[in-house]
Amino acid sequence: KTQVEQSPQSLVVRQGENCVLQCNYSVTPDNHLRWFKQDTGKGLVSLTVLVHENDKTSNGRYSATLDKDAKHSTLHITATLLDDTATYICVVGDRGSALGRLHFGAGTQLIVIP
Amino acid sequence: EAAVTQSPRSKVAVTGGKVTLSCHQTNNHDYMYWYRQDTGHGLRLIHYSYVADSTEKGDIPDGYKASRPSQENFSLILELASLSQTAVYFCASSDPFNSGNTLYFGEGSRLIVV
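Here the protein sequences come in this chain order: Y and R. With this note's numbering applied, the first sequence covers 2 to 115. With this note's numbering applied, the second sequence covers 30 to 143.
See below:
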C-alpha cells in the first residue's frame, strides 16, 4: 500500500500564478519530510526538509509546511516561472539516520505555461 | 558541489542479457543507493551500501546484484535482464551524519529491455 500520496497528480498553471502541492502520508514514525524537484530526464534535487511538528520552511519562491498530527505537508510555489516545470516529489523518512527508510511519493507533475 | 554520475545514460538490452549500470560519486560519501523509478510510482530502493566491498538488499532486490569496489563506485548488475526491469534507474549518495542526510542523485539511466 502506498504510504505517501501526492495530489494533484498533475497541474497546469500560467506563469506568474501561485500553486500548492499536497502530500499526505501514513509513514510511522515520521522523522522528517523532504521535497525534491525532478526536471524531465534529470535526477532529484532537494528543495527543502521539514523535521518538527508544524515546521515551516522557505527557500526563495518555494515554501513548505508540515503538520505531523495530520501527516500532511504542502509545497507552495509563488510567482511561478517556466523553469518551475518539473515533477515535485515528497519523501518521508522514518528515521533520522541511515538506518531509516525513505518513502517516496509518485510526484506531482507541474507544467507552467506562458 | 556534490556530484554523482551514472553511465550509461540510456541502454537497450535484450531479454536474458547482462546489464551493468555504473555510478561514480565525488562527494566522499559512505552511503550509496540504487533506486528504480517507474511511471506513476515512487522511487523504490534496490540495493544500498555503506562501505566499500559490502552491499545490502533494499526493498526490491530480486533480479539485481550490486557491487561496491570502492567508496566512489557502485554498480548495479542485471545478470538476466527481463522485460519487467524496463525502468529508469537512479544512483544516489549521502552522508547520513552530516549535511542533513540529503540524498544527491545522479541523472538516471534509462533501461529498455526488449
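Cβ coordinates follow ideal geometry from the N, Cα and C atoms, glycine included.
- Taking C-beta atoms as the reference points, Q114(R) and G92(R) count as a pair closer than 8 Å.
- Among the CB atoms of chain Y, none fall inside 8 Å of the CB of T84(R).
- For D124(R), the secondary structure class from DSSP, reduced to helix, strand or coil, is coil.
- DSSP lists C24(Y), L67(Y) as the beta-bridge partner residues of S74(Y).
- Its chain contains Y26 as the residues whose beta carbon lies nearer than 6 Å to that of K72(Y), once the 5 sequence neighbours on both sides are disregarded; these appear in chain order.
- Think of a sphere of 9 Å around the beta carbon of K43(Y): the chain R residues whose beta carbon falls inside it are F134, E136, G137, in chain order.
- The stretch 54–62 of chain Y and the stretch 34–46 of chain R do not touch, with fewer than three beta-carbon pairs separated by less than 8 Å.
- Close to L72(R), with beta-carbon spacing below 7 Å, are these residues of chain Y in chain order: F105.
- Contacts with chain R (Cβ-Cβ distance below 9 Å) from the stretch 23–49 of chain Y involve H33, R35, F37, Q39, G42, K43, G44, L45, V46, S47, listed in chain order.
- Residue-level contact by beta carbon fails for F103(R) and chain Y, as no gap is shorter than 8 Å.
- Excluding sequence positions up to five before and after A81(R), its CB lies within less than 6 Å of the CB of R97, S99, Q100, all in the same chain and listed in chain order.
- Under the 8 Å criterion on CB atoms, V14(Y) is classed as non-interfacial with respect to chain R.
- Between V93(Y) and chain R, the shortest Cβ-Cβ separation is not below 8 Å.
- DSSP places L109(R) outside both helix and strand once states are collapsed to three, so it counts as coil.
- Contact of T34(R) with chain Y by beta-carbon distance below 8 Å is absent, the smallest such distance being about 10 Å.
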